[in-house]
Amino acid sequence: MIKWLGDKWGGNDVPDMRPDAAPDEGVMPFIMTPEGVARLFAPALAEGPFPEHYEPFETPLDKNPFHPNNPKATSNPAARVYKGDMEAFGKAKDFPYVATTYRLVEHFHYWTKHSKINAVLQPEQFVEISEDLAKEKGIAAGDRVKVKSNRGFIKAVAVVTKRIKALDVDGKKVHTVGIPIHFGFKGVTKPGFITNTLTPFVGDANCQTPEFKAFLVNIEKI
Amino acid sequence: MALQSLDIARRSATTTPAPGVRQTTEVAKLIDVSTCIGCKACQAACMEWNDIRDEVGSCSGVFDNPVDLTAKSWTVMRFAEVEEKGKLEWLIRKDGCMHCADPGCLKACPAPGAIIQYANGIVDFHQENCIGCGYCVTGCPFNIPRISQEDNKAYKCTLCSDRVAIGQAPACAKACPTGAIQFGSKEQMTDYAAKRVGDLKSRGYDKAGLYDPQGVGGTHVMYVLHHADRPELYRGLPGNPSISPLVSLWKGFAKPLASVAMAAVALGSLFHFVMKGPNEVSKELEDEMEKEDAQ
């Protein structure tokens, strides 16, 4: 990748350390690690040294496809979950659809629902579903729907979109319900429901970030 | 509103010639649909600069909001999900006044000075002269003007004529975070568009092109489209817009006919007066009526 050219390091890459540090100076190449050399694995991660795929705690699958015979490896064994929150997880047979929460360009967190201009640009809470799921559930764009998780429910307008497609996961058709945040019971926007009524309380094993991007819900037309 | 009378090229329902001593550069706004991310910053900027606030609406099952242009929403993003060769394309078009070189609204307008075309190409409504007849709505090939329910006057995008008059770009162009809205002389914008079209063609959009429809003499708001051969994909952008035949019927045929009819009535009355004299009740008839009254 790189080699010593007599006065500086050259080649296809650039060195991490000083580019004119001669080999006999003993400057180690990876300045961001205390030992000065590259690592094959990450020693600091709570769930182990190598990258691994885990299913979310609320998963539409009954097992981790990478470890079908090890039920302990279905979801991250090092994640932080309290007992009561664990008991509040829903099962795929009652809540067959995957939900994810996200933000919209028109709003900033829960602040701008109090601003007239932002409220004009995106005035009312909605959830997004695929054309496939809409057909299955008899939902048309503009219908009011109720989205339920094992922890609560929200009511919103359905936006039917080509941008969300059913996924083929381990031979199973998995639908996604997209749920923008931003709305609530106060503001210039139309009154809405708090999205985090639905979400599970899971702390990521390393950074404790909550698992609001993947959980299970059901959806029905009101 | 802020441009001077020296800069006026055309004025609705006016026959006096326009002032011609000053040369003005023709301007244009270029909307590059291929780099628009649909953030609606242009809509926010339009509301801010023009100090207009539409009603807080509701979600009708689509991203668009406000759902349509109104007297208080002079520009709206129109979102279209189109599947092309198995690939999903989210085509987002900023809709608003196209500032036609040959404006149907101005031609249709019967109120003197309610619609102005400036020498730089901007078509502006002067609401103080507007009589709220709605002919501009019929005249517009792009369905842009909206009559306000509050004051019964027509409103639409001004291309920020007040900003342009002092050398500033329109508020939407200023606010656009991706540079999808460019503003400059029509020549500069056409050149820039050619570069963008070349880039799109090199990325596999063979039919990319500039939308500057000649049916209305070209426009001062132009689009770069990935599918210039099918502008209707972009939420019904007309392929070959032209001024409604109703306008030519009204201006070309019905209006002179009406003038002739009015002149004929006036002339007829005059002849009647000359030949027969004024209509008068005869003395005998008057006496008879008085007698009847007395009884």
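Chains A and B are the protein sequences, given in the same order. Residue numbering for the first sequence follows my numbering, beginning at 572 and increasing consecutively. Residue numbering for the second sequence follows my numbering, beginning at -3 and increasing consecutively. For glycine and all other residues, C-beta sits at the position ideal for the given N, C-alpha and C. As the structure is a prediction and not an experimental result, all values here were calculated from the model.
Pairwise C-alpha distance: Gly661(A) and Ala644(A): 18 Å
Less than 8 Å between the CB atoms is what I'm expecting for Val716(A) and Ile765(A), so what's the real figure, rounded? Not a contact, Cβ separation roughly 16 Å.
For my contact list, Cys156(B) and Trp45(B) are in at a C-beta cut-off of 8 Å; report their separation, rounded to the angstrom. Yes, Cys156(B) and Trp45(B) are in contact; Cβ-Cβ is about 6 Å, under 8 Å.
For His223(B), I'd like the list of residues in its chain whose CB is within less than 6 Å of its CB, leaving aside the five on either flank, ordered along the chain. So the list reads Lys203, Leu229, once near-sequence residues are dropped.
Where do the N-terminal and C-terminal ends of the alpha helix (DSSP H) with Thr186(B) fall, by residue? 182 to 198
With distances taken between CB atoms, is the gap from Val788(A) to Cys55(B) smaller than 9 Å? no
If the cut is a Cβ gap below 8 Å, which residues of chain B does Arg734(A) touch? Glu77, Leu84, Trp86
Within the chosen definition, does the stretch 733 to 746 of chain A reach the stretch 698 to 715 of chain A through at least 3 CB pairs nearer than 8 Å? yes
Using only alpha-carbon positions, find the residue among Asn777(A), Glu677(A), Ile710(A), Gly723(A) that is nearest to Ala40(B). Out of Asn777(A), Glu677(A), Ile710(A), Gly723(A), the CA that lies nearest to the CA of Ala40(B) is found in Glu677(A).
According to a CB-to-CB cut-off of less than 9 Å, which residues of the stretch 41 to 54 of chain B neighbour chain A? Met43, Glu44, Arg49, Asp50, Glu51, Val52, Gly53, Ser54
Cβ neighbour criterion (16 or more within 10 Å) applied to Tyr673(A): Exposed.
Would you verify that the beta carbon of Gln39(B) is, or is not, closer than 9 Å to some beta carbon of chain A? At a cut-off of 9 Å between C-beta atoms, Gln39(B) counts as an interface residue with respect to chain A.
Under 9 Å between beta-carbons, which chain A residues line up against Asn61(B)? List them in chain order, please. Glu677, Val691, Leu692, Gln693, Pro694, Glu695
Chain B residues whose Cβ lies nearer than 8 Å to that of Gly619(A): Result: empty, since nearest Cβ-Cβ is about 38 Å, beyond 8 Å.
Below 7 Å on C-beta distance, what does Lys170(B) contact in chain C? Here chain C cannot be found, since the structure's protein chains are A and B.
Name the chain B residues that come within less than 8 Å of Thr760(A), Cβ to Cβ? Result: Val52.
In this structure, does DSSP put Asp665(A) in helix, strand or coil? In this structure, Asp665(A) counts as coil in the three-state DSSP scheme.
Quick check: the Cα distance between Cys32(B) and Pro252(B), rounded to an integer number of angstroms? Between Cys32(B) and Pro252(B), the alpha-carbon positions lie close to 47 Å from each other.
With hydrogens ignored, establish whether the beta-carbon of Val29(B) is closer than 8 Å to any heavy atom of the ligand ADP. Of ligands this structure carries none, so the ligand ADP is not represented either.
Mind checking if Ile33(B) is an interface residue toward chain A, Cβ cutoff 9 Å exclusive? Output row for Ile33(B): interface = yes.
Extent of the continuous alpha helix (DSSP H) to which Val256(B) belongs: First-last of the alpha helix (DSSP H) with Val256(B): 251 to 272.
Unbroken alpha helix (DSSP H) run spanning Ser244(B), endpoints: 241 to 244 is the extent of the alpha helix (DSSP H) around Ser244(B).
Could you tell me the alpha carbon to alpha carbon distance between Met(-3)(B) and Ile177(B), rounded to whole angstroms? Bear in mind that a pLDDT of 49 at Met(-3)(B), under 50, signals an unreliable position, so the number given afterwards is only what the model happens to contain. Distance between the alpha carbons of Met(-3)(B) and Ile177(B) is about 22 Å.
Short check: CB of Met94(B) to CB of His268(B), under 9 Å? no
Checking contacts by CB at 9 Å: is Lys717(A) closer than that to chain B? no
What does a CB cutoff of less than 7 Å around Glu80(B) pick up in its chain, not counting 5 residues either side in sequence? none
Three-state secondary structure (DSSP) of Ala727(A): strand
Helix, strand or coil for Pro642(A) per DSSP? helix
Between Arg610(A) and the rest of its own chain, which residues show a CB-CB distance below 7 Å, the 5 nearest in sequence each way excluded? Thr604
Asp147(B) - DSSP class collapsed to helix/strand/coil: coil
Give a yes or no on whether 9 Å exceeds the smallest Cβ distance from Lys36(B) to chain A. yes
Under the assumption that Pro237(B) contacts Val212(B) (Cβ atoms under 8 Å), give the Cβ distance between them as a whole number of angstroms. Going by Cβ atoms, the distance from Pro237(B) to Val212(B) rounds to 6 Å, so yes, they are a contact pair.
Span separating the alpha-carbon of Trp99(B) from that of Pro141(B): A small correction: the amino acid at residue 99(B) is Pro; Trp does not occupy that position in the sequence shown. Roughly 12 Å between the two C-alpha positions.
In the DSSP assignment, what residue or residues form a beta bridge with Trp45(B)? According to DSSP, Trp45(B) bridges with nothing at all.
Here's a check: name, in chain order, each residue in its chain whose Cβ is nearer than 7 Å to the Cβ of Arg49(B), leaving out the five neighbours to either side. Met43, Lys68.
Which stretch, first to last residue, makes up the alpha helix (DSSP H) that contains Ala24(B)? No alpha helix (DSSP H) contains Ala24(B), which is instead part of the beta strand (DSSP E) from 23 to 28.
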